[in-house]
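Residue numbers (the numbering used here): 32 to 242.
The beta-carbon is built from N, C-alpha and C at its ideal position, and this holds for glycine as well.
Right under this line is the structure:
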């Protein structure tokens with residue numbers, strides 16, 4: 032009986048590991064200078080220049096059932112949801128048919144990916160409009176305390192109309208510059224106003240809560 036129990040625990044541990052999601056949790060998880068995200072299929076080939084005849088810097092094909100155990104998952108992906116076969120990589124530049132992406136977040140190494148279609152690259156506003164509307168937003172750790180203030184308009188000079196204490200759910204409506212119109216379920220009260228989702232230097236303070 033004891034052996035059966037241990038075997039079951041090991042099995043469920045392996046199952047949970049196989050579906051480990053990777054999504055930013057802290058402000059510092061997102062490198063500065065990113066324009067948005069690039070969505071690959073199940074492979075990625077990067078060139079040193081926006082030219083398929085240039086040197087290959089990175090070339091990987093993965094299986095979503097096991098990609099999170101690879102030696103490059105943590106350094107490559109901005110978002111990785113294996114059970115949805117969904118992944119995004121930080122984009123840093125664009126050039127007609129190519130997108131420059133960051134294939135090593137820690138070392139900030141970049142290369143050029145050839146776009147098979149225009150929908151693979153999503154600027155931050157497009158990404159938030161698509162995934163923020165669907166899943167809502169989450170507050171990233173390390174965001175300044177001022178981000179917990181809801182304003183009457185999309186600027187710092189506008190009136191602070193509410194202070195968030197323990198936001199449970201942040202429903203996203205629209206973006207205006209560095210501000211987003213949201214409705215926040217804070218403890219048991221719904222509060223609506225503008226929240227600063229992005230800093231003046233490009234830091235992201237909130238992120239789509241993809242599940």
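| Query | Result |
| --- | --- |
| Three-state class that DSSP yields for residue 173 in the structure shown | coil |
| Assigned secondary structure, residue 179 (DSSP; H/G/I helix, E/B strand, else coil) | helix |
| Those residues which DSSP pairs with residue 112 across a bridge | 117 |
| Residue 72 versus residue 118 - alpha carbon distance | 8 Å |
| Spatially closest choice to residue 148 from 163, 128, 135, 156, by CA coordinates | 128 |
| Residue of 242, 232, 121, 215 minimising C-alpha distance to residue 12 | The structure shown does not extend to residue 12, since the chain is modelled only from 32 to 242, so the question has no answer here. |
| When 151, 108, 161 are compared against residue 70, the one with the closest alpha-carbon | 151 |
| Backbone CA spacing between residue 191 and residue 131 [nearest angstrom] | 38 Å |
| Unbroken alpha helix (DSSP H) run spanning residue 223, endpoints | Element bounds for residue 223: not the alpha helix (DSSP H) but the beta strand (DSSP E), 220-227. |
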